[in-house]
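The opening position of the sequence shown corresponds to residue 3 in the numbering used here, with each subsequent residue numbered one higher. Read through the structure below, which is laid out as structure tokens, and then see the notes.
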Amino acid sequence: MHSCRYLVTHRLKRGGWLAINGLSGAVDLLDDSTKEKLELPASNGHGDWDQDLLAKLRRRGYLFDTPDEEERLLLAQWERQQRRIQERPFGFALCPTHSCNLACRYCFEGSITSSRPHVLGPDAVSAAFQVIERLGAEQPSRKLEISLFGGEPLLPSTVDAVRRTLEEAKARGMGVGVVTNGTHLSTTYRDLMTQYRDQFSHFQITLDGPREVHDARRPFRSGKGTYDVIVEGIDLLASLGVRTVVRVNLDSHNVRHLPELAEMAVQRGWTGKANVRFSLAPVADHLGTSDYGARLPEEQLVREVAEVMAASEVTRKLFRLDLFRSAVHLGHVLGITSTRGQQMFQYCEANGLNSYVLGADGCIYPCSEMLDQPELAIGTFYPTFRIDEEKAAPWRRRSILTMPKCRSCEVATFCGGGCAYQALKQCGGVMEPACYGAEKVMDAFLDCFGDRLTSS
Ligand code: SF4
Ligand code: SF4
Numbered sequence: 003m004h005s006c007r008y009l010v011t012h013r014l015k016r017g018g019w020l021a022i023n024g025l026s027g028a029v030d031l032l033d034d035s036t037k038e039k040l041e042l043p044a045s046n047g048h049g050d051w052d053q054d055l056l057a058k059l060r061r062r063g064y065l066f067d068t069p070d071e072e073e074r075l076l077l078a079q080w081e082r083q084q085r086r087i088q089e090r091p092f093g094f095a096l097c098p099t100h101s102c103n104l105a106c107r108y109c110f111e112g113s114i115t116s117s118r119p120h121v122l123g124p125d126a127v128s129a130a131f132q133v134i135e136r137l138g139a140e141q142p143s144r145k146l147e148i149s150l151f152g153g154e155p156l157l158p159s160t161v162d163a164v165r166r167t168l169e170e171a172k173a174r175g176m177g178v179g180v181v182t183n184g185t186h187l188s189t190t191y192r193d194l195m196t197q198y199r200d201q202f203s204h205f206q207i208t209l210d211g212p213r214e215v216h217d218a219r220r221p222f223r224s225g226k227g228t229y230d231v232i233v234e235g236i237d238l239l240a241s242l243g244v245r246t247v248v249r250v251n252l253d254s255h256n257v258r259h260l261p262e263l264a265e266m267a268v269q270r271g272w273t274g275k276a277n278v279r280f281s282l283a284p285v286a287d288h289l290g291t292s293d294y295g296a297r298l299p300e301e302q303l304v305r306e307v308a309e310v311m312a313a314s315e316v317t318r319k320l321f322r323l324d325l326f327r328s329a330v331h332l333g334h335v336l337g338i339t340s341t342r343g344q345q346m347f348q349y350c351e352a353n354g355l356n357s358y359v360l361g362a363d364g365c366i367y368p369c370s371e372m373l374d375q376p377e378l379a380i381g382t383f384y385p386t387f388r389i390d391e392e393k394a395a396p397w398r399r400r401s402i403l404t405m406p407k408c409r410s411c412e413v414a415t416f417c418g419g420g421c422a423y424q425a426l427k428q429c430g431g432v433m434e435p436a437c438y439g440a441e442k443v444m445d446a447f448l449d450c451f452g453d454r455l456t457s458s
């Protein structure tokens, strides 16, 4: 008998163990003796087990006759997930510019947002759509989806590029999502928003707290606050009925202010709108090179968020932790994230090249953090189209199944192998694991939320 390799157990405060099976997806409460036996090496045998319990543990994927049987389940889950991916739209992020009008204290894009004011012309946008069609043809069963990204995609200087994007997308029946700081929505872009309302599939807009907190973190380059214009922008999106995610980037400066933001969202009437929802994300620093001092390790942030939520019902009800990657599956099981839980075979969509980023420099990148580094690009879309297969290949292949260290790691299906960009820059190549301490984040989640399961 062989115990599942991808088993995470956690002692509950009220006694007993929570077992989370990262392979079958089963979650169970175990007593001490069952947990100990499950963790015994296979050579110790399981002969003295109660036969009913043994059958149940086998059914739920904790025990296998042989390692091969476990391997077959692993591959079956991978194939299931690949089929699910095929049902989802295939995404392209198009960056009309890498410039941005804000000076966010924690921005990961650094100097590229201020050093090159280059903007895609309408011709380059049309060329991008031709390439989108060509690359999209490799995914014949999938709908194609465009997201405008940057820098900041909605600036006065990008109106022509954005209009051309909407027209090109409309001609092809594609929806357009927008990741924006929202500072020009209710002014420069108000008419265009109304005119193309049905063309927009979704917006993501960041609001980091009540006025003073937000303004200290996300000011204009002049230093002036952005809170008021962003709130007006969210009002506009709420009234237009466009699907909108209000994202809060969290660190030690704003996590304690979530209840004030939640109260404000209620007063503003956003919580009564079906098209508006709210997500929390850690301020990330994949390369660990930022000198921004307020970033918290993800596990510490989880504990802080849990404390704030425990003390504030409105916060608990409003915010989801969807963007804490390693906790997506756990969060779903524990009822604290809205994303459907599943194994994390790949850390992000750049793995497997499940999306492409088309930069304002005419380059094609696997990930948006690589913008303005043509030497890392996997191709170009303007002025000519080219994919460098040698550079693209490791991105296509990367998953916990193709990285030997990940394949035998017990938290692999929660971790996903870490950030491929970090792996490229710091770990020796895209096909190397980039361990980020997923087990610590999981521990924090289970410490804070695990006991919920015992009452359900
Ligand atoms: S990146 Fe590290 S922690 Fe994550 S699955 Fe691979 S080996 Fe395990
Ligand atoms: S490769 Fe890393 S930086 Fe790029 S999208 Fe994925 S997680 Fe983010």
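Glycine included, C-beta positions come from ideal geometry on N, C-alpha and C. Quantities reported herein were computed from a predicted structural model and do not represent experimental measurements.
### Query
DSSP on Phe347, reduced to helix/strand/coil?
Looking up residue 347 in the sequence shown gives position 345. In this structure, Phe347 counts as coil in the three-state DSSP scheme.
### Message
Between Ala130, Gly235, Gly364, Leu260, which has its C-alpha nearest Ser314's C-alpha?
### Response
Here residue 314 refers to the residue found at position 312 when the sequence shown is read from its first residue. Residue Leu260 is the option with its Cα nearest to Ser314.
### Query
Cβ of Cys102 within 7 Å of any heavy atom in ligand 2?
Taking the first residue of the sequence shown as position 1, residue 102 is located at position 100. It does not: the Cβ of Cys102 is nowhere closer than 7 Å to a heavy atom of ligand 2.
### Message
I'd like to know whether the C-beta atoms of Thr2 and Val121 end up nearer to each other than 8 Å.
### Response
The first residue shown for the chain is 3 and the last is 458, placing residue 2 beyond what the model contains.
#### Entry: Span separating the alpha-carbon of Phe92 from that of Arg399
Position 90 of the sequence shown, counted from the start, is the residue given in the question as residue 92. Position 397 of the sequence shown, counted from the start, is the residue given in the question as residue 399. Going from the Cα of Phe92 to the Cα of Arg399 covers about 17 Å.
### Task
Measure the CB-CB distance between Gly63 and Leu32 and report whether it falls below 8 Å.
For the purposes of this step, residue 63 is taken as the residue at position 61 of the sequence shown. For the purposes of this step, residue 32 is taken as the residue at position 30 of the sequence shown. No, the pair does not count as a contact, with Cβ atoms beyond the cut-off.
### Query
With 16 other CB atoms within 10 Å as the buried threshold, where does Lys15 fall?
Residue numbering aside, residue 15 sits at position 13 when the sequence shown is read from its first letter. Exposed, because fewer than 16 other Cβ atoms sit within 10 Å of the Cβ of Lys15.
### Task
Identify, in the order they occur along the chain, each residue of the same chain with its Cβ nearer than 7 Å to the Cβ of Gly138, setting aside the five sequence neighbours on each side.
Start at 1 with the first residue of the sequence shown, and residue 138 comes out as number 136. Cβ neighbours of Gly138 beyond the five flanking positions: Phe92, Leu146.
### Complete beta strand (DSSP E) runs within the segment 159-195 (minimum length 3 residues, chain order)
178-182
### Task
For Asp30, name the three-state secondary structure that DSSP assigns.
Counted from its first residue, the sequence shown places residue 30 at position 28. Reduced to three states, the DSSP call for Asp30 is strand.
### Query
Helix, strand or coil: how does DSSP classify Ile402 here?
Counting from 1 along the sequence shown, the entry for residue 402 is found at position 400. Here Ile402 sits in coil by DSSP.
#### Entry: Contact with chain C by Arg192, beta-carbon distance below 8 Å
The structure shown contains no chain C, having only a single protein chain.
### Query
Taking 7 Å as the line, does the beta carbon of Arg395 fall inside it for any heavy atom of ligand 2?
By 1-based counting over the sequence shown, the position of residue 395 is 393. In the sequence as presented, Arg is not what sits at residue 395; that position holds Ala. Not so, every heavy atom of ligand 2 lies at least 7 Å from the Cβ.
### Task
Under 8 Å Cβ to Cβ from Arg305, same chain only, skipping five residues before and after it: list those, please.
By 1-based counting over the sequence shown, the position of residue 305 is 303. For Arg305, where only same-chain residues beyond five positions count, the Cβ hits under 8 Å are Ala446, Asp449, Cys450.
### Task
Note down the Cα distance separating Cys411 from Val164, rounded to an integer number of angstroms.
By 1-based counting over the sequence shown, the position of residue 411 is 409. By 1-based counting over the sequence shown, the position of residue 164 is 162. So the alpha carbons of these two residues sit roughly 44 Å apart.
### Task
With Trp19 as the anchor, note down where its beta strand (DSSP E) starts and where it stops.
As a position in the sequence shown, residue 19 is number 17, starting the count at 1. Here the beta strand (DSSP E) through Trp19 covers 19-23.
### Integer Cβ distance of Ala95 from Phe151, believed to fall under 8 Å
Translated into positions along the sequence shown, residue 95 becomes position 93. Translated into positions along the sequence shown, residue 151 becomes position 149. Right, their Cβ atoms sit about 4 Å apart.
### Message
If contacts are defined as beta-carbon pairs under 8 Å, then Phe280 and Phe326 qualify, I think. What distance do you get, rounded to the angstrom?
### Response
As a position in the sequence shown, residue 280 is number 278, starting the count at 1. As a position in the sequence shown, residue 326 is number 324, starting the count at 1. Actually they are not in contact, since the Cβ atoms of Phe280 and Phe326 sit about 14 Å apart, beyond 8 Å.
### Check whether Leu157 and His186 have beta carbons under 8 Å apart
Here the question's residue 157 lines up with position 155 in the sequence shown. Here the question's residue 186 lines up with position 184 in the sequence shown. Against a cut-off of 8 Å, the Cβ pair of His186 and Leu157 comes out as a contact.
### Query
From this set, Ser128, Asp193, Cys369, Leu332, which residue's C-alpha is nearest Ala171's C-alpha?
For the purposes of this step, residue 171 is identified with residue 169 of the sequence shown, where counting begins at 1. Among Ser128, Asp193, Cys369, Leu332, the Cα nearest to that of Ala171 belongs to Ser128.
### Query
For Leu14, which of helix, strand or coil comes out of DSSP?
Position 12 of the sequence shown, counted from the first residue, corresponds to residue 14. Looking at Leu14 - three-state DSSP - the assignment turns out to be coil, as it is neither helix nor strand.
### Message
Measuring CB atoms only, is the segment 416-434 touching the segment 75-89, in the sense that at least three cross pairs come out at less than 8 Å?
### Response
no
### Three-state secondary structure (DSSP) of Pro98
Here residue 98 is taken as the residue at index 96 of the sequence shown, counted from 1. In the structure shown, Pro98 sits in coil (DSSP, three-state: anything other than H, G, I, E or B).
### Message
Quick check: what's the CA-CA separation for Asn277 versus Ile236?
### Response
Within the sequence shown, the letter at position 275 stands for residue 277. Within the sequence shown, the letter at position 234 stands for residue 236. Asn277 and Ile236: Cα-Cα distance of roughly 11 Å.
### Query
Which whole-angstrom value describes the C-beta separation of Gly153 and Cys102, a residue pair presumed to lie in contact below a C-beta threshold of 8 Å?
Start at 1 with the first residue of the sequence shown, and residue 153 comes out as number 151. Start at 1 with the first residue of the sequence shown, and residue 102 comes out as number 100. Yes, Gly153 and Cys102 are in contact; Cβ-Cβ is about 5 Å, under 8 Å.
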